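Engineer: One line per chain: the protein sequences are A, B, C and D, in this order. Under the working numbering, the letters of the first sequence match residues 1 to 264, in that order. Under the working numbering, the letters of the second sequence match residues 265 to 528, in that order. Under the working numbering, the letters of the third sequence match residues 529 to 792, in that order. Under the working numbering, the letters of the fourth sequence match residues 793 to 1056, in that order. Glycine is no exception: its CB is placed at the ideal position from the N, C-alpha and C atoms. None of the values given here were measured: they were computed from a predicted structure. If you scroll down you'll find the structure; I have some questions about it.
4 protein chains.
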Amino acid sequence: MDKTAGFEVSGVRIGGKEPIIIAGPCTVESEEQTLTVARAVKAAGIKVLRGGAFKPRTSPYSFQGLGEEGLKILKTARDETGLLIQTEVMDARQIDLVCRYADILQIGTRNMMNYSLLKAVGEVRFPVMLKRGFMAKVEELLLAAEYIIKGGNERVFLCERGIRSFDDSTRFTLDLAAVPLIKKLSALPIVVDPSHATGRADLIIPMSLAALAAGADGVMVEVHPWPKKALCDGLQSLSLDMFGEFVKKVSAMIQFLASHNQEQ
Amino acid sequence: MDKTAGFEVSGVRIGGKEPIIIAGPCTVESEEQTLTVARAVKAAGIKVLRGGAFKPRTSPYSFQGLGEEGLKILKTARDETGLLIQTEVMDARQIDLVCRYADILQIGTRNMMNYSLLKAVGEVRFPVMLKRGFMAKVEELLLAAEYIIKGGNERVFLCERGIRSFDDSTRFTLDLAAVPLIKKLSALPIVVDPSHATGRADLIIPMSLAALAAGADGVMVEVHPWPKKALCDGLQSLSLDMFGEFVKKVSAMIQFLASHNQEQ
Amino acid sequence: MDKTAGFEVSGVRIGGKEPIIIAGPCTVESEEQTLTVARAVKAAGIKVLRGGAFKPRTSPYSFQGLGEEGLKILKTARDETGLLIQTEVMDARQIDLVCRYADILQIGTRNMMNYSLLKAVGEVRFPVMLKRGFMAKVEELLLAAEYIIKGGNERVFLCERGIRSFDDSTRFTLDLAAVPLIKKLSALPIVVDPSHATGRADLIIPMSLAALAAGADGVMVEVHPWPKKALCDGLQSLSLDMFGEFVKKVSAMIQFLASHNQEQ
Amino acid sequence: MDKTAGFEVSGVRIGGKEPIIIAGPCTVESEEQTLTVARAVKAAGIKVLRGGAFKPRTSPYSFQGLGEEGLKILKTARDETGLLIQTEVMDARQIDLVCRYADILQIGTRNMMNYSLLKAVGEVRFPVMLKRGFMAKVEELLLAAEYIIKGGNERVFLCERGIRSFDDSTRFTLDLAAVPLIKKLSALPIVVDPSHATGRADLIIPMSLAALAAGADGVMVEVHPWPKKALCDGLQSLSLDMFGEFVKKVSAMIQFLASHNQEQ
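And the structure:
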């Protein structure tokens, strides 16, 4: 892989030689919760903090996220730690607002085929992580990315986060074969989100290692200081202890893959 | 079923005693094409014309619809025939524009989980047909409808249009059991779209009859005067000849079901 | 459709002008249970009784059927009522035994790709109902039937019984579009089993009507005198009361379709 | 993991500390083809040769395998190389025959729910690899294994080989999260077959590495000396060159995982 592959976001290369880790709470719930996670993420040497302020929820009666208040909390975390902030945008009318607080825009799985949003995001000059729709074929994901790129915004990376299948043993079915397949079809970086895919904290470490071994450009995981009290997705969030183990094992795998690829 | 079930749109009852038929081209391509279909629809005694001006296409390089020009053509068809106009809205910023031309808003399958759009549509006082996402469970469809209703817009009806499965014998898998199931779970009317579900013109008549027999409040079908020249979805569009046969058979089934239910 | 289409089993035509009804308990549990259902089936003017003696169960610790004792109970029911007996064969080594008691062999959904069994069944001269595998494409079902026909056993009919999808609102997803599709691809008769497909007794009547409207050559339903006490599939079995309503509505639909097709 | 976990087959431990590799042609086509592969497998330090003599094919008109002649070729390969032989059994009536030639019985994906076969295999004292049905949930796979174990045959290991989903980008969807999940639910060893899962030779190496990183007890791959001339599954077979690269990369990963686990 070319050292200059991928693209830079404020000094952090996505899709370059070294895989990236993105970590943080599913949802920004409070300043205390977010800062606690942000400090652990920073201490682990990770560069990007994820956290949702606008949340697409299946039911209108579920917690919908803190909105702009959540964005402000993320900014506080950035000011303190220097971490890059990645957060979801659900609506073209939110883009300006979110761009004032975030470093990377995230398009969620339910909006991968929201072509109006993709076009709008293509008009800004802001890096975008596009999650695969849980109902999208690989080709449809690549064409969705084209909607953004066609607008002139070329800093797009993809995220495999599980697809729907008949098997409910895990929340979704993580389609890791999509990773090397996309590497053959496209130059876009691709990261993997085992948290949403499996819905189980105890499967995140093995599936993160598998994702990297399959050639992913990074992994994104959910971390929560108090998973049992999480407002959203607590079962699939790493506790701070598990996050420590995750960082250790993932770092060893990254190091192995780097040295192994160098030899060849 | 109660005579006063469902709701009225300019004198047409949706979800009432008599099933409704919605017909028209997938995409508004030209005035000639749209008016030719509209006249056939009107002549068949049907009340609602469908046609897309804004088209959510998988590829940004495919024809994206005529936009406002398409809406104007639909208005011409309404002025001539008196048909109600149903057309898709893809973006909250389009709602005002579309409401100036249409009688019924349509939310497409790819936007069923676009909660920003659902909320925005909940704020207008305009009837809405919400298509089931092709990867949405029945419960998720009902909760998506709640996003609209919660905003105060109660004139919502649903559309079963096929879900994704492993079997590619038909374009999607028409889930007709969702019809009687939704009748047990909700008071919302539900119609069936066999055109998108099967992707094959030659399956539309049997599946329309099946939908009505299963208890659907109506069927929606695509009609094109020259299917082989259609810019979109030609293979699944009824020609005018097939449309004639469709109307004859569907009318007989509707009459049978009405007389049979009366007897009981 | 040709009057002489399909084939005869002891005077009962399958795939002919008139759709067939097959009814009975999921599992033969006792003589009392089976005879109670058989008498109700006979009284309704139905010609074929279904009932399982060998049961393919997901767990080895579940009730596996009464085996030959169950076959004897079915024979008692035949001797009393004159109904044809349809029952499942799971193993090539059981074929001779089952043929001594049954009139129609049934291959279950889990064995549709058990090609050794299909070949073995192709070697006898006995009518066979082949259920679609719940993960089989339409083409695979037709090719599975070829395994039987290639052996020289041409009295095969198919059964659509629902496929697996991501949606667990119903037990399986009944793929009714497969019915008219198979009519276009093959001369084999096809019936529909809404009991296993939906897993809910309250959806059986609408889905039976839909199946017939879609052009099915028959429907197969589960009936149990005491559904709440059933050893298997109680939730999806019609009680005797519901069965009465089923017969009435299905008969009216069959009559409508016959008169309507005659007119044309 | 316990050094004494898993079980032994003629001195080869399955499910022990070190992952196992199983390699060979999809189908035994000729002595030359099979011996060519067997020698390459032996030279790579691998212990188990796979190859099909009885082939479950979707169409009765496809090549069905060489039958006993194929078994004899496998025996020749064993006599020359000392490799253990793993081959599929499709029918209870074949078990005695296959046991005369093989060291490990394989139950194929289409027979995972062929409970008669599972019971019959439970009655012999012969190791069995049970492939997950491409339509089976994880729980159903574990219960299928119970059918074998209940008979007293405890040397069972599982194989994840991809499940069916809506996405046809790869032949099946490899469900790697099933690997750590099964590790939590069961003591049975589990290997991964990326050849059938992806259907693409160029994805086998990354998915093998991913499988091992996820904790699999081994990988099974198809190798063919002349993939373009293969009678079955040529597109997904590794050529001898690719097999060399596979062995090198997989060995490095196994070594890394062993040293890394030791450290902890």
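When burial is assigned at 16 or more other CB atoms within 10 Å of the CB, is Gln-886 (chain D) buried or exposed?
Structural biologist: When all chains shown are included, Gln-886 (chain D) counts as buried.
Engineer: Tell me which same chain residues have a C-beta within less than 6 Å of the C-beta of Ser-208 (chain A), skipping the five on either side of it?
Structural biologist: Pro-194, Val-219 and Val-250
Engineer: Within the stretch 178 to 239 of chain A, note down every full beta strand (DSSP E) run reaching 3 residues or more, in order along the chain.
Structural biologist: 190 to 192 and 218 to 222
Engineer: Measure the alpha-carbon distance for Ile-677 (chain C) versus Tyr-853 (chain D) and round it to whole angstroms.
Structural biologist: 12 Å
Engineer: Output, in sequence order along the chain, the residues in the stretch 348 to 371 of chain B whose CB is closer than 7 Å to any CB in chain C.
Structural biologist: none
Engineer: Looking only at its chain, what residues have a beta carbon closer than 6 Å to the beta carbon of Val-41 (chain A), apart from the 5 residues adjacent to it on each side?
Structural biologist: Ala-23 and Leu-49
Engineer: With a threshold of 6 Å on Cβ separation, who are the neighbours of Pro-981 (chain D) within its own chain once the five nearest residues in sequence on each side are excluded?
Structural biologist: Hits under 6 Å: Gly-798, Ile-806, Gly-807, Phe-949 and Asp-1009.
Engineer: Quick one: grab the DSSP three-state call for Gln-614 (chain C).
Structural biologist: strand
Engineer: Beta carbon of Cys-1024 (chain D), beta carbon of Cys-818 (chain D): below 8 Å?
Structural biologist: yes
Engineer: In chain order, what residues of the same chain lie with their CB nearer than 8 Å to the CB of Phe-855 (chain D), ignoring the 5 residues before and after it?
Structural biologist: Thr-819, Lys-847, Arg-849, Leu-1023 and Cys-1024
Engineer: DSSP puts Glu-951 (chain D) in a beta bridge; with which residues?
Structural biologist: Going by the sequence as given, residue 951 (chain D) is Cys instead of Glu. D:Lys-923 and D:Val-983, per the DSSP bridge assignment.
Engineer: Apply the 10 Å Cβ neighbour rule to Lys-711 (chain C) and answer buried if 16 or more other Cβ atoms are within range, or exposed otherwise.
Structural biologist: Residue environment: Lys-711 (chain C) is assigned as buried (16 or more neighbouring CB atoms within 10 Å of its CB, all protein chains considered).
Engineer: What does the alpha-carbon distance come out to for the pair Leu-105 (chain A) and Gly-151 (chain A)?
Structural biologist: 15 Å
Engineer: Closer than 8 Å, CB to CB, is Arg-374 (chain B) near chain D or not?
Structural biologist: Chain D, which has no Cβ nearer than 8 Å to the Cβ of Arg-374 (chain B), makes this no.
Engineer: For Gly-316 (chain B) and Glu-352 (chain B), which I take to be in contact (beta-carbon distance under 8 Å), what is that distance rounded to the nearest angstrom?
Structural biologist: 5 Å
Engineer: Does any residue of chain B bring its CB to less than 8 Å from the CB of Asn-114 (chain A)?
Structural biologist: yes
Engineer: Counting only Cβ-Cβ distances shorter than 8 Å, please list the residues of the stretch 158 to 179 of chain A near chain D, keeping chain order.
Structural biologist: When CB distances to chain D are screened at a threshold of 8 Å, the residues of the stretch 158 to 179 of chain A falling below it are Ile-163, Arg-164, Ser-165, Phe-166, Asp-167, Asp-168, Ser-169, Thr-170, Thr-173, Leu-174, Asp-175, Leu-176, Ala-177, Ala-178 and Val-179, in chain order.
Engineer: Taking just the CA atoms, how far does Thr-170 (chain A) sit from Ala-477 (chain B)?
Structural biologist: 36 Å
Engineer: Could you give the C-beta distance for Asp-959 (chain D) and Ile-163 (chain A), rounded to a whole number, given that I count them as a contact under 8 Å?
Structural biologist: 6 Å
Engineer: Closer than 6 Å by C-beta to Ser-239 (chain A): which residues in its own chain qualify, once you throw out the five before and the five after it? Chain order, please.
Structural biologist: Pro-227
Engineer: Which one of B:Thr-437, B:Ile-469 and B:Glu-403 has the shortest CA to CA distance from Ser-450 (chain B)?
Structural biologist: B:Glu-403
Engineer: May I ask you to list, following chain order, the residues of the stretch 925 to 949 of chain D that have a beta carbon less than 7 Å from some beta carbon of chain C?
Structural biologist: Phe-926, Met-927, Glu-932, Leu-935, Glu-938, Tyr-939 and Lys-942
Engineer: For a quick check, are the C-beta atoms of Ser-165 (chain A) and Thr-965 (chain D) less than 8 Å apart?
Structural biologist: Yes, they are a contact pair.
Engineer: Find the nearest neighbour of Leu-889 (chain D) within the set D:Ala-836, D:Asn-906 and D:Gly-862, judged by alpha-carbon distance.
Structural biologist: D:Gly-862
Engineer: Within a Cβ cutoff of 7 Å, which residues of the same chain sit near Phe-510 (chain B), ignoring the five residues on either side of it in sequence?
Structural biologist: Ile-468, Ile-469, Ser-472, Val-485 and Leu-502
Engineer: Please name the residue, chosen from A:Arg-110, A:Ala-38, A:Glu-32 and A:Leu-257, that lies closest to Gly-215 (chain A) on a Cα-to-Cα basis.
Structural biologist: A:Leu-257
Engineer: Count the other CB atoms, across all protein chains shown, that sit within 10 Å of the CB of Lys-311 (chain B); report buried if there are 16 or more and exposed otherwise.
Structural biologist: buried
Engineer: Quick one: what's got a C-beta closer than 6 Å to Ala-102 (chain A)'s C-beta in the same chain, skipping five residues either side?
Structural biologist: Ile-85 and Thr-87
Engineer: Given a cut-off of 8 Å, decide if Val-392 (chain B) and Ile-371 (chain B) are closer than it, judged by their beta-carbon atoms.
Structural biologist: Cβ atoms of Ile-371 (chain B) and Val-392 (chain B): closer than 8 Å.
Engineer: Do you know offhand how far Ser-822 (chain D)'s Cα is from Asp-871 (chain D)'s?
Structural biologist: Rounded to whole angstroms, the separation of the alpha carbons of Asp-871 (chain D) and Ser-822 (chain D) is 16 Å.
Engineer: Within the continuous alpha helix (DSSP H) that includes Ile-623 (chain C), where are the two ends?
Structural biologist: DSSP places Ile-623 (chain C) inside the alpha helix (DSSP H), whose first and last residues are 623 to 629.
Engineer: Which first and last residues belong to the alpha helix (DSSP H) in which Arg-303 (chain B) is found?
Structural biologist: 295 to 307
Engineer: By the 9 Å beta-carbon criterion, what residues does the stretch 717 to 732 of chain C contribute toward chain B?
Structural biologist: Residues are counted here when their Cβ sits less than 9 Å from a Cβ of chain B; for the stretch 717 to 732 of chain C these are Pro-722, Ala-725, Thr-726, Arg-728, Asp-730 and Leu-731, given in chain order.
Engineer: In this structure, how does DSSP classify Ala-869 (chain D) when only helix, strand and coil are distinguished?
Structural biologist: helix
Engineer: Using 8 Å as the limit for Cβ to Cβ distance, is Lys-184 (chain A) near chain D?
Structural biologist: With 8 Å as the cut-off, Lys-184 (chain A) counts as an interface residue toward chain D.
Engineer: Measuring straight from C-alpha to C-alpha, what distance separates Met-113 (chain A) and Gly-539 (chain C)?
Structural biologist: 55 Å
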